[in-house]
Structures are given as C-alpha cells and as structure tokens.
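These notes concern the structure reproduced below.
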Amino acid sequence: MHTSAHLRRAVELLEQHGLNTDDRNFVAPNGALDICAALYQAATCVLPEAFRADADAALDLIKASTWAMAAIRAVYDTLGPEVTMPEDGPDEVIDRVTHWAATAPNRASQPPTRTEVMGRLLRTADALDQKATELAA
468 MHTSAHLRRA VELLEQHGLN TDDRNFVAPN GALDICAALY QAATCVLPEA FRADADAALD
528 LIKASTWAMA AIRAVYDTLG PEVTMPEDGP DEVIDRVTHW AATAPNRASQ PPTRTEVMGR
588 LLRTADALDQ KATELAA
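Mapping of the sequence shown onto this note's numbering: residues 468 to 604, in sequence order.
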C-alpha cells in the first residue's frame, strides 16, 4: 500500500473508534485512537497491546515502522506555524502530529474536531496522489 492509502485507512479507523485527544495515551479507555496510533494501525494492520499499556514501547513501535512514519511525516509536513511545542525532542514528528490533533492551535480556543483531523488526512492523501500522478506524467 501507499502512504495515501494508509492515510485513508486511518480516517476509517478514526471514524470507527474515535479520536483520542489525551496526548498522554495512544488509546483511550473507550478505544478512541491517538492520530499516530491510527496511522500506525493503518500502515501495519495491527495495534499491539503496548498502545494501551506502555506509551514508551508504543513509541518505539511507531518509530520502527517505516510505513507508519511515512504517514506521520506526511501529516507533519502539512502542519504550519499553527502547531507550537514548548520544546522539540528526538520524537518531534510524532509529538507534533499528536499535539496538533489534541491541542488548540495558536489563536484558537478548541482543538481540531475529529472531522477536521480526518479532513486533513484526506487532503494530505489527495495531495500525495496528485503529486504521484504529476511525477508519472
């Protein structure tokens, strides 16, 4: 599968399970998924128990998946100055994408809705498909 397909599958997962906006956990008690957990599951077709029980282990799994990281990077590349973090660390790409989906952007009072997050994923997928079509021509 291509990154655009992983993004679209993540939208389906977020529609089915909900968006977890508690940026301390990858999976909420009600089963809602953090955006990076949804992208990981979309890219790998699995969601190990670590995503529910061990955030550090889940982070290691995400970083080890080339496909998941490609999807997360695609979303990261669409984020502009609307996403600010107190400090950047070694997991900046993952942290910023999670933070964007869970936190109100600059000058906004509410974080993006699940629909807005899914819309961003779909627009990113469409842009990747368009770019691939242009390169193939």
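Note that the Cβ used here is the ideal one computed from N, Cα and C, for glycine as well.
{"Query": "Can you give me the C-alpha to C-alpha distance between Lys-530 and Pro-578, rounded to a whole angstrom?", "Result": "25 Å"}
{"Query": "Can you tell me which of Glu-482, Val-564, Ala-592 and Leu-528 puts its alpha carbon nearest to the alpha carbon of His-469?", "Result": "Ala-592"}
{"Query": "Report the residue from Cys-512, Ala-505, Ala-569 and Thr-545 whose alpha carbon sits nearest the alpha carbon of Leu-481.", "Result": "Ala-505"}
{"Query": "Which residues in the same chain as Gly-498 place their Cβ atom closer than 6 Å to its Cβ, once the five residues preceding and following it in sequence are excluded?", "Result": "His-484"}
{"Query": "Among Leu-486, Ala-599, Asp-489 and Leu-588, whose alpha-carbon lies nearest the alpha-carbon of Ala-541?", "Result": "Leu-588"}
{"Query": "Can you look up Val-513 in the DSSP assignment and give me helix, strand or coil?", "Result": "coil"}
{"Query": "Would you call the stretch 500-515 in contact with the stretch 531-538, where contact means no fewer than 3 C-beta pairs closer than 8 Å?", "Result": "yes"}
{"Query": "Grab the span of the alpha helix (DSSP H) containing His-469 for me, first residue to last.", "Result": "Run containing His-469: none; DSSP gives neither H nor E here."}
{"Query": "Can you tell me whether Leu-546 is helix, strand or coil according to DSSP?", "Result": "coil"}
{"Query": "In angstroms with no decimal places, state the Cα-to-Cα distance between Leu-500 and Thr-565.", "Result": "11 Å"}
{"Query": "Near Ala-524, which residues of its chain fall below 6 Å by C-beta distance, leaving aside the five closest residues on each side in sequence?", "Result": "Ala-517"}
{"Query": "Whose CA, out of Ser-471, Ala-568 and Pro-515, lies closest to the CA of Glu-583?", "Result": "Ala-568"}
{"Query": "Using a threshold of 8 Å, state whether the C-beta atoms of Tyr-507 and Leu-528 are closer than that.", "Result": "yes"}
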